[in-house]
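Colleague: If you want the numbering used here, it's the 1-based position in the sequence shown plus 46. Beta carbons are placed, not taken as given, at the ideal position from N, Cα and C, and that holds for glycine. These figures come from a predicted structure and were not determined experimentally. Below are the structure tokens for one structure; questions will follow.
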Amino acid sequence: MGKKLKVILTGTTGYVGEGVLLAMLADERIEKVLSVSRRSCGHSHPKLEELIVPDLLDLKGTDQRLSGYDICFFAAGITSVGTPADVYRMISNTIPVHFAEILPDKEKMTFIYVSGYGTSAKGKQQWQKVKSSTEQAVNNMGFKHAFGWRPMLMAPFQGQKNKQMKAQKGALIFYPLGRIFGFYCTMKEMCNAIIRVHESGYKRFEISPADIIRLGR
47 MGKKLKVILT
57 GTTGYVGEGV
67 LLAMLADERI
77 EKVLSVSRRS
87 CGHSHPKLEE
97 LIVPDLLDLK
107 GTDQRLSGYD
117 ICFFAAGITS
127 VGTPADVYRM
137 ISNTIPVHFA
147 EILPDKEKMT
157 FIYVSGYGTS
167 AKGKQQWQKV
177 KSSTEQAVNN
187 MGFKHAFGWR
197 PMLMAPFQGQ
207 KNKQMKAQKG
217 ALIFYPLGRI
227 FGFYCTMKEM
237 CNAIIRVHES
247 GYKRFEISPA
257 DIIRLGR
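As structure tokens, then:
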């Protein structure tokens, strides 16, 4: 086994972030996880440390609590449904771009922004363009590796507390079919894929659901 990894996670109070958190805490390749959030993730573990910050925009590049990490998996976000456009842009673009900008040691770090399936600069919906803009901003910041992470449907990790969206929960019945067509991954595969792209990079910046499954095997 190579060097154990230290990971920063955001969004651990949400479905994707919590699932990846639990998968990483169970993975012997991970030495430490720092959860950066407005409130506690509700889990405790010897490898887990929490940084509770009411507003991520208040964090500065001189904050030594963010130093010494190998990977940042930015999963914090909000649905565009019912969210005012300016609020959505703040949460889905301004905050993640600021967070990426202040991280030290970019040349050694992999930054992964969880945008979601359907993200596109040419998309008809505004959320697609906002998240694509965030992806590109992150891609141009000088990280060792940077990726726009675009999962579609994900099976929960054992012990998850945060509930899935109704649509995703209902889609569980189509899990076998989803595996065949490459759009349904597990949280363990997400964890494996994150570690793989950090160690070896990948042939493209946009990581699709099928890519996650392939990298996560």
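Within its chain, find whatever has a CB closer than 6 Å to the CB of N185; leave out the 5 residues flanking it on each side and keep chain order.
Modeller: A192 and F251
Colleague: If we count the other Cβ atoms within 10 Å of its Cβ and call it buried at 16 or more, is V66 buried or exposed?
Modeller: buried
Colleague: What do you get for D257, buried or exposed, if any count of 16 or more other CB atoms within 10 angstroms of its CB means buried?
Modeller: buried
Colleague: In angstroms, rounded to a whole number, what distance separates the CA positions of N247 and E153?
Modeller: Note on residue identity: the sequence assigns Gly, not Asn, to residue 247. Near 13 Å, if we compare the C-alpha coordinates of E153 and G247.
Colleague: Evaluate contact between the stretch 84-99 and the stretch 128-137, counting only Cβ atoms and requiring at least three cross-stretch pairs below 8 Å.
Modeller: Because the criterion of three Cβ pairs below 8 Å is not met, the stretch 84-99 and the stretch 128-137 do not touch.
Colleague: Assign K106 to one of two classes, buried (16 or more other C-beta atoms within 10 Å of its C-beta) or exposed (fewer than that).
Modeller: exposed
Colleague: Whose CA, out of C118, A72 and G123, lies closest to the CA of Y61?
Modeller: G123
Colleague: What's the gap between the Cα of M155 and the Cα of I226?
Modeller: 33 Å
Colleague: Between the C-alpha atoms of G63 and G114, what's the straight-line distance to the nearest angstrom?
Modeller: Whole-angstrom Cα-Cα distance: 21 Å.
Colleague: Kindly give me the distance between the Cβ atoms of L102 and I54, rounded to whole angstroms, as I take these residues to be in contact under 8 Å.
Modeller: Wrong, their Cβ atoms sit about 12 Å apart, outside the cutoff.
Colleague: Whole-angstrom Cβ separation of G194 and Y159, contact assumed at under 8 Å?
Modeller: So it is a contact: roughly 6 Å between Cβ atoms.
Colleague: Would you mind reading off the limits of the beta strand (DSSP E) that contains G194?
Modeller: H191 to W195
Colleague: Within a Cβ cutoff of 8 Å, which residues of the same chain sit near S166, ignoring the five residues on either side of it in sequence?
Modeller: Q174, K175 and S178
Colleague: Could you spell out the range, first to last residue, of the beta strand (DSSP E) harbouring E95?
Modeller: L94 to I98
Colleague: Per DSSP, what are the beta-bridge partners of K52 in this structure?
Modeller: K78
Colleague: For F203, list the residues DSSP reports as bridge partners.
Modeller: DSSP output for F203 lists no bridge partner at all.
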